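Participant:
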Amino acid sequence: MKLYPIIENVTLSNSNITNEIYPLIKSIRSDWTSSNTRLVTFTEGLTNIILGIFDNRTPDDDSNALIIKIYGIQTELFIDRQSEINAMIKFHEHGVFSQRVLIQFNNGIIYEFVSGKTCSRDDVREENISKLIAIKLAEIHNIPVEETEQPYIMLILRQFLKLLDKNSFDLSSIISDIDI
59 MKLYPIIENV TLSNSNITNE IYPLIKSIRS DWTSSNTRLV TFTEGLTNII LGIFDNRTPD
119 DDSNALIIKI YGIQTELFID RQSEINAMIK FHEHGVFSQR VLIQFNNGII YEFVSGKTCS
179 RDDVREENIS KLIAIKLAEI HNIPVEETEQ PYIMLILRQF LKLLDKNSFD LSSIISDIDI
């Protein structure tokens, strides 16, 4: 049994993804090539490049499809990528989310695809969808936390405030609240 994520010392470039992706996924999709798959760019990402790779031989079955997430330039300054991966792994282990992180590479990750659509503002206002979101949030909050783990929000706030130009913002009223 393979242990995931597989760690690869590879950096994907946006301009050459079609050539670079197949050697990277060979360990998990050995028979996938550019001639039997298709790459689809998803536009919902705000800070990352998100691609899907689908097997053309099974056009009605996306269960083996993959998501390729290439991190945006310098997003590591305000997003702890290893914590993000650890959370995804933990969510998968506890059955909260079904996507499993399969490969971690220098500037991104590859994980399992789940068919769906991004919710709009109107979608989340619908009662049935807001209930599903609440149920999923409850599942997340029921995941046991290690005693050594600290609240992540405070760490992120401190990190984000360090990025701000202190000359451009008056932070005096909030700095003591988050103990920079």
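Okay, so the sequence shown: first residue is 59 according to my numbering, each after it adds one. Positions of the beta carbon are idealized from the N, C-alpha and C atoms, including for glycine. None of the values given here were measured: they were computed from a predicted structure.
1. Can you look up tyrosine 169 in the DSSP assignment and give me helix, strand or coil?
2. Kindly say whether phenylalanine 112, judged by its beta-carbon, lies nearer than 8 Å to any beta-carbon of chain D.
3. Across the region 159 to 176 and the region 200 to 210, are there enough close Cβ pairs to call them in contact, namely three or more that are closer than 8 Å?
4. Assign isoleucine 83 to buried or exposed, taking buried as 16 or more other Cβ atoms, counted over all protein chains shown, within 10 Å of its Cβ.
5. Please give me, in chain order, every unbroken run of the beta strand (DSSP E) with length at least 3 that falls completely inside the region 74 to 144.
6. I need the straight-line Cα distance from isoleucine 108 to valine 182, nearest angstrom please.
7. I'd like the list of long-range same chain contacts for glycine 153, defined as Cβ closer than 6 Å, with 5 residues on each side in sequence excluded.
8. Specify the secondary structure class of phenylalanine 217 as computed by DSSP and reduced to three states.
9. Considering only their Cβ atoms, is the gap separating tyrosine 80 from arginine 158 smaller than 8 Å?
10. Please classify alanine 196 as buried or exposed, where buried requires at least 16 other C-beta atoms within 10 Å of its C-beta.
11. Please work out which residues of its chain come closer than 6 Å, Cβ to Cβ, to isoleucine 168, disregarding the five sequence neighbours upstream and downstream, and give them in chain order.
12. If we count the other Cβ atoms within 10 Å of its Cβ and call it buried at 16 or more, is arginine 96 buried or exposed?
13. So, is phenylalanine 149 buried or exposed, given that buried needs 16 or more other C-beta atoms within 10 angstroms?
Facilitator: Quick look at the numbers:
1. DSSP places tyrosine 169 in strand when its eight states are reduced to three.
2. In the structure shown, chain D does not exist; there is a single protein chain.
3. Contact between the region 159 to 176 and the region 200 to 210 is not established, with fewer than three Cβ pairs separated by less than 8 Å.
4. Its Cβ being crowded by 16 or more others within 10 Å, isoleucine 83 is buried.
5. Runs found: 95 to 100, 107 to 113 and 124 to 128.
6. Cα-Cα distance, rounded: 22 Å.
7. Answer for glycine 153: no residue qualifies.
8. A small fix is needed here, since residue 217 is glutamine in this sequence, not phenylalanine. The three-state reading of DSSP puts glutamine 217 in helix, counting H, G and I together.
9. Contact: no.
10. Alanine 196 should be labelled exposed.
11. For isoleucine 168, where only same-chain residues beyond five positions count, the Cβ hits under 6 Å are Leu124, Ile126, Leu160 and Ile161.
12. Classification of arginine 96: exposed, given that the 10 Å Cβ count is below 16.
13. Buried, by the Cβ-count rule.
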